[in-house]
Structure formats: structure tokens, C-alpha cells
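Under the UniProt record's numbering, read the sequence shown as residues 1 to 283, first letter to last. Cβ coordinates follow ideal geometry from the N, Cα and C atoms, glycine included. What you are looking at is a predicted structure, and each value in this text was computed from that prediction instead of being measured. What follows is one structure encoded as C-alpha cells, with my remarks underneath.
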Amino acid sequence: MTPLHGVALTGPVRLRLLVASNPPELVDVDTGARTPVTGLPAGADRPTWVTAVGQDAVITSSCLTCDAGGDVYVLRRGTTVARRIAAGSSVVASPDGRGVWLTRYDGTTCTLQEVALDGQTRTASRPVDCHVVPRAVTGRYLLTGAATGDGALVLTDVQAGSRTTIRRPTAIGDPSDGLASPDNRYLAIAFEHPAWPGPTQRLDLWLLEPASQRWQQAPSMPVPAALKFTAMTWLPDGRLVLLGDFEHVGQAVAVWRPGEDQFGIRTLALPEQRAEAFVVWPS
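Here it is in C-alpha cells:
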């Protein structure tokens, strides 16, 4: 397993990152400037998670000392103040970018509901198995898997009503939630192992094409990386962005367009107290 490698990103990158720190911060890749997001509950017991939804972002604020699972907020692009829209967790963006599917946990009962970014209900709440979480949603396909990360990945064709078990491209690591590309052609899925081999953490990034059910491995993969601080997302123009802490590279942002043979990489300083999730916007 070799370190992440590619070509250096030179000149203005013109990207701004929303990083899931406490509180979340907006980071300018070119200048390094960092701006905290306001409007969220404060405290060490309120870790956050961020998800891109259309041109905006949703922030999940968990509560480690509360009976409730957490609260969901929207942050509009170009702003720094978040606004609460619902209670819930396990958020997945709706395919049209105007809402989110979220899971609510109430004791032993779990429900799944779609909520618009203004807080209005889009799809009525329905009971779901507490051990199953949504992994990805595209315009036509829904990918589900066990909440523990092991077991089969199941692809549901919503239009045809069919369900297909997808063979994993690697037996090493647990799959992340899938991230749909802007054109819904690909689902980006990272297979992660916290100790492979020994203390080394392993990141292996793949693209699944739901229509053909074929896998494509990203260049340079697999790589050693700090999984707790490493994540991915898509740019509107179809480029995939990795952000995190990579062995022998350090903190860096890496950009790749499917079909290209290498990543473009730039190192940068990130907030120390952060989760792996982030959102990226052109600046």
C-alpha cells in the first residue's frame, strides 16, 4: 500500500470547504482563512456532521447527553448562520437537492422521513428497521446496507421495483455511505479498514455505476489515511474531492475527475477538532 500520490494543484483552486468541526468552519483553500458557522448548539457534547444538499448544506448536531438523537440544520451557500429544520440523524440528501431523508430513533422504534430544506414534510414518516440505514439515493436507485457496515449491499431500482445484491469489489474494509455524482451516474464508496496491516488505517475508494452494476477503482488506491479525519464529496462539475490526513502527505485536499489517471493534490491546515465530513463549494 503506497501513500496518496498525484500532481500538485497549482494556481488558484477557488474552493471553499465546510468542515464538520465543533463548531463547523468554512475554510478557503487558497487563503487558508477559516470562519466559524453560528446558529448551532454549543458544547463538547454536540458533535456535528455536514452533508451537501443541492447548492446548500445540512448540518446534523448530535447530542451525546440527550435522550433525543440530534437536530438537523440547513446552511445556505454564501452564508455563515445555520437554521434548524428538524430532529433526526443519518441524513441522506434527496436526489433533487431540495430536501433530505433522515432517520429518527425513539427507543426501539425507528422512522424514515423526507424533509424539505425549509422544514416542511415532503414524504410522510414510515417505520424502518433500526439496523438498516440509507446508504445512497440517486434519481432511480437506492443503495442500502447493514448499519454495522458488514453484510451485503442491496441496490433497489425504484422505477422497476427490483432489488439486486451487489458484489463488493474488495473483501477488505467496511463501505461508507455512497455519494451520488451530480449526474447520478456514479456512487462513490470508500471501503475503510482501521488496522490493515497492523496499526495502519486503509482507505480504498471505488465508484459504483448503478446502471451497469460495475465498479471502478480510483487512482492511487488503496492508501494509508487517518479514517477519522478523511472524507469525500462531489463538485457540481463532476470532480470528486478527498479531504483529510494522509500518511506521508499530511493534511490535504485531493481532486479527481472520473476517467483521469491521477489526483491533483494540495496540502492545507484544517481544524484540529473535526469529524471526517465536509462540503465543498466553488468560491
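CB contact flag (residue i, residue j, <7 angstroms)
i, j, result
"Val53", "Val100", "yes"
"Thr123", "Glu114", "yes"
"Pro169", "Trp206", "yes"
"Ala190", "Leu208", "no"
"Arg98", "Ser283", "no"
"Asp30", "Pro12", "yes"
Proximal residues to residue i (C-beta, below 6 angstroms), its chain only, five neighbours per side dropped
i, result
"Glu25", "Val19, Arg34, Pro36, Pro271"
"Leu4", "Ser220, Val223, Phe246, Val249"
"Arg239", "Val255, Arg257"
"Ala57", "Leu18, Val50, Leu75, Val279"
"Ala152", "Thr165"
"Ala82", "Val37, Gly39, Leu40, Ile59, Tyr73, Leu75"
"Asp71", "Ser61, Arg84, Ala87"
Cα-Cα separation, residue i to residue j
i, j, result
"residue 292", "Asp129", "Any property of residue 292 remains undetermined from this structure, which presents the chain solely from 1 to 283."
"Val279", "Arg77", "10 angstroms"
"Ala277", "Ser21", "9 angstroms"
"Cys63", "Pro175", "25 angstroms"
"Gln213", "Phe246", "30 angstroms"
"Ala252", "Ile265", "7 angstroms"
"Trp215", "Phe263", "18 angstroms"
"Lys228", "Gly161", "36 angstroms"
"Glu192", "Ala218", "14 angstroms"
"Tyr105", "Gly39", "24 angstroms"
"Thr65", "Pro182", "37 angstroms"
"Arg84", "Gly119", "8 angstroms"
"Leu268", "Ile166", "37 angstroms"
"Ala195", "Ser125", "38 angstroms"
"Leu242", "Thr233", "7 angstroms"
"Gly244", "Thr164", "33 angstroms"
"Pro127", "Thr108", "11 angstroms"
"Arg185", "Tyr141", "10 angstroms"
"Arg46", "Ala8", "36 angstroms"
"Asp157", "Gly173", "26 angstroms"
"Pro210", "Gly145", "15 angstroms"
"Met1", "Glu260", "20 angstroms"
"Gln273", "Gln159", "42 angstroms"
"Ala275", "Thr48", "7 angstroms"
"His131", "Thr60", "20 angstroms"
"Thr121", "Leu112", "12 angstroms"
"Ala42", "Arg14", "30 angstroms"
"Leu143", "Pro197", "29 angstroms"
"Ala116", "Thr230", "28 angstroms"
"Asp96", "Gln55", "11 angstroms"
"Asp237", "Trp281", "11 angstroms"
"Cys110", "Thr10", "48 angstroms"
"Leu235", "Pro199", "32 angstroms"
Sequence-distant residues of the same chain with beta carbon closer than 8 angstroms to residue i, five excluded per side
i, result
"Ala44", "Asn22"
"Gly32", "Leu268, Ala269"
"Gly6", "Pro219, Ser220, Ala254, Trp256, Gln262, Phe263, Gly264, Ile265"
Cβ-Cβ separation, residue j to residue i (assumed contact under 8 angstroms), whole Å
i, j, result
"Thr69", "Ser94", "Per the sequence shown, the amino acid found at residue 69 is Gly instead of Thr. Not a contact, Cβ separation roughly 20 angstroms."
"Gly178", "Ala171", "With 8 angstroms as the limit, Gly178 and Ala171 do not qualify as a contact, their Cβ atoms being about 18 angstroms apart."
"Gln201", "Ala180", "Contact doesn't hold; Cβ gap of about 25 angstroms is too wide."
- Whole beta strand (DSSP E) runs in the region 140-170 with 3 or more residues, listed along the chain? 141-146, 153-157, 162-166
- request: Tell me the start and end of each unbroken beta strand (DSSP E) in the region 43-82 that is at least 3 residues and wholly inside, in chain order.
  value: 48-53, 56-62, 70-75
- Could you name each continuous beta strand (DSSP E) segment of 3 residues or more that falls completely within the region 186-253, going from the start of the chain to the end? 187-193, 202-209, 214-217, 231-234, 240-246
- Taking only runs of the beta strand (DSSP E) that begin and end inside the region 80-139, which ones reach a length of at least 3 residues, in chain order? 83-87, 89-93, 99-106, 109-116, 121-128, 132-137
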